[in-house]
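These notes concern the structure reproduced below.
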Amino acid sequence: MHRFVRIFTIASLLVAALIIQQPSAAQPTLRVTHVVNGTLGDRSFFDSAQEGLERAVTDFGIELKVIELGEDQARWEPGIDDAMADTDSYDVLVLGGSLVADYVMARADLYPDKKFIFHDEPIDFTRCKCANVYNVIYAQNEGAYLAGVYAAAMMKENALPNLSRRNIIGAVGGLDIPVINDFIVGYAQGAKSVIPEMTVLVQYIGGERPFFNVAKGLEIALAMYDQGADFTFSVAGGSGLGMIQAAQQRGKYFIGVDSDQWLLLKDSDPAAAEVILTSMIKNVGGALYRAIDLMLKDELPFGETEIVGIAEGAIGLAKNEYYERITPDSVKAIVAQAEEDVTKCRVIVETTLAPRPCEPAE
Numbered sequence: 013m014h015r016f017v018r019i020f021t022i023a024s025l026l027v028a029a030l031i032i033q034q035p036s037a038a039q040p041t042l043r044v045t046h047v048v049n050g051t052l053g054d055r056s057f058f059d060s061a062q063e064g065l066e067r068a069v070t071d072f073g074i075e076l077k078v079i080e081l082g083e084d085q086a087r088w089e090p091g092i093d094d095a096m097a098d099t100d101s102y103d104v105l106v107l108g109g110s111l112v113a114d115y116v117m118a119r120a121d122l123y124p125d126k127k128f129i130f131h132d133e134p135i136d137f138t139r140c141k142c143a144n145v146y147n148v149i150y151a152q153n154e155g156a157y158l159a160g161v162y163a164a165a166m167m168k169e170n171a172l173p174n175l176s177r178r179n180i181i182g183a184v185g186g187l188d189i190p191v192i193n194d195f196i197v198g199y200a201q202g203a204k205s206v207i208p209e210m211t212v213l214v215q216y217i218g219g220e221r222p223f224f225n226v227a228k229g230l231e232i233a234l235a236m237y238d239q240g241a242d243f244t245f246s247v248a249g250g251s252g253l254g255m256i257q258a259a260q261q262r263g264k265y266f267i268g269v270d271s272d273q274w275l276l277l278k279d280s281d282p283a284a285a286e287v288i289l290t291s292m293i294k295n296v297g298g299a300l301y302r303a304i305d306l307m308l309k310d311e312l313p314f315g316e317t318e319i320v321g322i323a324e325g326a327i328g329l330a331k332n333e334y335y336e337r338i339t340p341d342s343v344k345a346i347v348a349q350a351e352e353d354v355t356k357c358r359v360i361v362e363t364t365l366a367p368r369p370c371e372p373a374e
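Numbering-wise (the working numbering), the sequence shown opens with residue 13 and increments by one.
So this is what it looks like as structure tokens:
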């Protein structure tokens, strides 16, 4: 009898152990579709977004599908419709940019079982049934403020050859719209905090291809340099590649946007990279990577808008090896002070969007 009990007990324990050791059912792989209202290869906004999502593939094992809608805006609305309607291929759809926000607000509630991550433009949750939309926007005015501080400080310190010494800089936007002007007002404020008499030339690409018109970017930037500008700042996506060409032709300087554009060009076109002294990095990829991470943890706040800026590490200047080499310590100190002033709320950066409540960083 005792032997039977011992055998039964051992058998029971073995069965229990086997049950405990059985792997739990695998979680289904998160399927993400990235809808690009343009094309990859802009070395700026869309490439940064794609980099973050590809990093999520590596680190989290998600499935990633990319749909490039091209430069023809007439294709965007039907393309987004088709992507949303293909419900068997995705769990979450990622889109971004001011030109497609209305499409998302008008359609998100048609797919209540799907999730949407929309970035770079505010979603008006009072105007849409968007409980399945997570919205993240960037305090680009803060980063542009630093870009203006940097350009003016390099000029004030006479840190570069071929400066006109006329206290003129330029900014080129893709379109005359609030999200683009949010960069420009910050840039101007930053520059004037260092050189109060600074003149800031502003022009827009416009037309049907505002963020893909290299020739127009070249034309506008050449005109600005010929008017005495020492720096131009791109807020025009792929059109900024023409501005880089203009800086090369005139022996002047360029500040990139969204991605570290020096890093993207240093190997393929080192001569072009030399005119890119820094870039205002909008860490689009980092924000999307974070969003995927939180979604996998069931912690992503759908139905809400988050704003991320300098304090959150989402916005800043590219301080790569070239920046470190060409930037004097005096200018680095001015930039560091500006960063602290913004994060401590000693400076409130102007905006063309809804003001962001400032809570001093610790």
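Glycine included, every Cβ here is placed at the ideal spot set by N, Cα and C.
Only a predicted model underlies this, so the values are computations on that prediction, with no experimental measurement involved.
Leaving aside the five residues that flank Q257 on each side, the residues in its chain whose CB is nearer than 7 Å to its CB run, in chain order, L230. Cβ neighbours of R139 within its own chain (closer than 7 Å, five residues either side excluded): M117. Contact between P313 and Y146 holds: their C-beta atoms lie close to 6 Å from each other, under 8 Å. Between F58 and K344, the alpha-carbon positions lie close to 29 Å from each other. Membership of M167 in the alpha helix (DSSP H) is indicated by the continuous run Q152 to K168.
DSSP places V269 within a strand segment (E or B) once states are collapsed to three.
Assigned with DSSP and collapsed to three states, F72 falls in helix. Cβ-Cβ separation between S110 and V191: approximately 5 Å, consistent with a contact (criterion under 8 Å).
Nearest neighbour of I207 by Cα position, chosen from V184, G218, A163 and H131, turns out to be A163. Here R368 has A151, I319 and G321 as same chain residues with Cβ atoms under 8 Å from its own Cβ, once five neighbours each way along the sequence are excluded. Per DSSP, K294 is one residue of the beta strand (DSSP E) stretching across I288 to K294.
Taking C-beta atoms as the reference points, Y216 and A159 fail to come closer than 8 Å. N193 is the residue among D279, D353, N193 and T355 whose C-alpha sits nearest the C-alpha of V214. Looking at the backbone, the Cα of D93 and that of G64 are separated by about 24 Å. A buried status is given to P222, since no fewer than 16 other beta-carbon atoms sit within 10 Å of its beta-carbon.
By the Cβ neighbour-count rule, G182 is buried, with 16 or more other Cβ atoms within 10 Å of its own. For T355, there is no enclosing beta strand (DSSP E); the residue is found in the alpha helix (DSSP H) stretching over D341 to T355.
With contacts defined as CB atoms closer than 8 Å, S60 and V296 qualify as a contacting pair. Residue pairing for I129: DSSP places it in a beta bridge opposite V106 and Y146. With distances taken between CA atoms, D54 lies nearest to D272 out of L308, D272 and V354. By the Cβ-count criterion, S56 is buried, with 16 or more other Cβ atoms from all chains shown falling within 10 Å of its own Cβ. If you look at Q261, you'll find it isn't in any beta strand (DSSP E); it sits in the alpha helix (DSSP H) that goes G252 to R262. According to the DSSP secondary-structure assignment, R43 is paired through a beta bridge with E75. As computed with DSSP, A183 is found in a beta bridge with V214 and F245. Spatial neighbours of N332 in its own chain (CB-CB distance under 7 Å, excluding positions within 5 residues in sequence) are listed in chain order as D272, W274 and L275. The Cβ neighbour count for Q62, taken over all protein chains shown within 10 Å, is at least 16; the residue is labelled buried. In this structure, N174 lies away from G268, with their beta-carbon atoms at least 8 Å apart.
DSSP lists no beta-bridge partner residue for V226.
Put simply, the backbone Cα of V47 is about 13 Å away from that of A113.
Burial check for V69: the Cβ neighbour count within 10 Å stays below 16, so the residue is exposed.
A Cβ-Cβ contact shorter than 8 Å links I293 with G328. Under the three-state reduction of DSSP output, L312 falls in the coil class, being neither helix nor strand. F128 places its beta carbon less than 8 Å from that of N144. If you draw a straight line from the Cα of I189 to the Cα of A120, it is about 24 Å long.
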